[in-house]
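A quick write-up on the structure given underneath.
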């Protein structure tokens, strides 16, 4: 059995009467890309927030690097390498591009990140050109690059992305997934939540399908796509 | 020449308003919270400075007491108005409750002080009562000049802190997107009290300088100074610390000039009329307000 980097075991998340995540279990091995698919309101974001620690779980446990992290607050989880790129990118628009990157490294007290920032700028010349401008001037695609770069500066072990392709043109979506693949090749494990099932399954090693808070299917992309009923209902296939 | 003297006096008085206006604008810009306890912090620091001096302490020691008590009081307010409501409702700013409970604290603080020392204005024997110099007939009080310089240095320092430091960026990230700030590893629960420490510090310093400069204190001085500071903040632009400087100094001058021309009874009328007129023509204030809760520093 492979040793899991992250194991989510039967967690439940509830907001008042809304039982958003029901007995969900999933795991992520070191170096893997997994994807969680599902419609709006399936509980995908709640699941990520629970793993990140910004949403409390009612029961179940989250094991990360062999440690039960249920009691850890979000800042501690970020510091130990669990980093989320939130839905809608959530760039700080009142800050410059560079300040956004500095915020990404917030949890790494006293680390010298000058070189890392230069490497990011080498990777994304568009960001370099605008390093001293307010991030509000960036296009959607550039903002997504900035959001991913900002997360990279936190030195994640696991990068979680919440619908990163939302609102991007097909060409940018392709670029984004290539970037995710590159990051993965560089050693990061990826937990990707997507509605763009076609692209997600093309890049992921395994996938889970979430429906109304329940995991209704899981497996390799080939398995998931082979399931006709599933493909029709959730995966946009025909 | 008399007018020039009044303008100088107005600037000096305005510098006290600047500090209190910046305190208001910080909590509004960062937390979208109009903290009504601010007048009490100002007054408590002033009263304690007076009382401890009267009890025989050196005025600097007395001022340190006043400062410490005001900062502690500010943290109590954070704990029981802002944080409590935030924990209970998720987002404190969507409710008027913190505002009302901070008003409650204001009244309680004032009345505790009244219970101890009564309502009579007290005289503070300033060690610098005669420290002044003259330039072509215009008198400059040295302590007043020092408070003007201090308030401008402080605001510059604050603005640098917000722009250039890790703490400053964390504060600005909370002002803009608290949830995302958490994702960066910012411990919002630990950083928010910093805003209240700053608030307590600014108000206490203003209160102490006011006491030293004007040599009287009463349980009600906070109300007068803080309402003028609110007017100054609104004139400058909510959540804008540079606006708070301009607004505070302007209010100081308007106040002194209206006393000069029309007498002391009327001073609130020109100050608040000016604010209302500016709001009609420039609802965002002279320097533009930031979107509420999204302070731009």
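Residue numbers (my numbering), protein chains in the order written: chain A, 8 to 245; chain B, 65 to 361. All residues carry an ideal CB built from backbone N, CA and C; glycine is no exception. As the structure is a computational prediction, the values presented were derived from the model and not from experiment.
query: For my contact list, residue 281/B and residue 134/B are in at a C-beta cut-off of 8 Å; report their separation, rounded to the angstrom.; result: About 14 Å; that fails the 8 Å criterion.
query: Counting along the chain, where does the beta strand (DSSP E) carrying residue 198/B start and finish?; result: 196-199
query: Quick one: does residue 177/A have its CB under 8 Å from some CB of chain B?; result: no
query: By the 7 Å beta-carbon criterion, what residues does the region 109-128 of chain A contribute toward chain B?; result: 109, 110, 111, 113 and 114
query: Would residue 246/B count as contacting chain A if we go by Cβ distances under 8 Å?; result: yes
query: Just reading off the beta strand (DSSP E) that residue 213/A is part of, what are its end residues?; result: 213-218
query: What does the Cβ neighbour count give for residue 220/A, buried or exposed, with the cut at 16 atoms within 10 Å?; result: buried
query: Does residue 280/B come out as helix, strand or coil in the three-state DSSP assignment?; result: strand
query: Would you call residue 344/B buried or exposed, if buried means 16 or more other Cβ atoms sit within 10 Å of its Cβ?; result: exposed
query: Quick one: is residue 347/B near chain A, going by C-beta distance under 8 Å?; result: no
query: Going along chain B in order, which residues have a C-beta closer than 9 Å to the C-beta of residue 86/A?; result: 249
query: Run through DSSP, which three-state label would residue 165/B get?; result: helix
query: Would the beta-carbon of residue 143/B be found less than 7 Å away from any heavy atom of the ligand MG?; result: Ligands displayed in this structure: none; no statement on the ligand MG is therefore possible.
query: Assign residue 169/B to buried or exposed, taking buried as 16 or more other Cβ atoms, counted over all protein chains shown, within 10 Å of its Cβ.; result: buried
query: Tell me, please, whether the region 302-309 of chain B touches the region 256-272 of chain B by the rule of three or more beta-carbon pairs shorter than 8 Å.; result: no
query: Taking the alpha-carbon of residue 69/B as reference, which of 114/B, 323/B and 219/B has the nearest alpha-carbon?; result: 323/B
query: Go to residue 166/A, then tell me how far its beta strand (DSSP E) extends in each direction, as first and last residue.; result: 165-169
query: With burial defined as no fewer than 16 other Cβ atoms inside 10 Å of the residue's Cβ, what is the status of residue 136/A: buried or exposed?; result: exposed
query: Do residue 250/B and residue 207/B have their beta-carbon atoms positioned less than 8 Å apart in this structure?; result: no
query: Would you kindly work out how many angstroms separate the C-alpha atoms of residue 49/A and residue 31/A, rounded to a whole number?; result: 12 Å
query: For residue 184/A, I'd like the list of residues in its chain whose CB is within less than 7 Å of its CB, leaving aside the five on either flank, ordered along the chain.; result: 206 and 210
query: Does residue 204/A have its Cβ less than 8 Å from a Cβ in chain B?; result: no
query: Give the residues of chain A in contact with residue 236/B, contact being defined as C-beta atoms less than 7 Å apart.; result: 101 and 102
query: Can you find the residues in the same chain that come closer than 6 Å, C-beta to C-beta, to residue 64/A, ignoring five residues on each side of it along the sequence?; result: 18, 20 and 57
query: Checking the sheet assignment: what are the DSSP bridge partners for residue 177/B?; result: Residue 177/B is not bridged to any residue.
query: Are the region 68-76 of chain A and the region 122-136 of chain A in contact at 8 Å, needing three or more beta carbon pairs?; result: no
query: Roughly how far, in whole angstroms, is the beta-carbon of residue 215/A from the beta-carbon of residue 248/B, given that I think they are within contact range, below 8 Å?; result: That pair is no contact at about 27 Å.
query: Based on Cα-Cα distance, which residue from 13/A, 187/A, 95/A and 101/A lies nearest to residue 77/A?; result: 13/A
query: Give the single residue among 175/A, 162/A and 146/A whose Cα lies nearest to the Cα of residue 86/A.; result: 162/A
query: Just verifying my parser: in three-state terms, what is the DSSP assignment at residue 317/B?; result: helix
query: Closer than 8 Å, CB to CB, is residue 22/A near chain B or not?; result: no
query: Looking only at its chain, what residues have a beta carbon closer than 6 Å to the beta carbon of residue 81/B, apart from the 5 residues adjacent to it on each side?; result: 292, 293, 296, 312, 315 and 316
query: Where does residue 37/A fall in DSSP's three states?; result: coil
query: Please list, in chain order, all residues of the same chain as residue 34/A whose beta carbon is under 6 Å from its beta carbon, the five residues on each side excluded.; result: 11 and 14
query: What would DSSP say about residue 11/A, mapped onto helix, strand or coil?; result: strand
query: Report yes or no: is there a C-beta of chain B within less than 8 Å of the C-beta of residue 161/A?; result: yes
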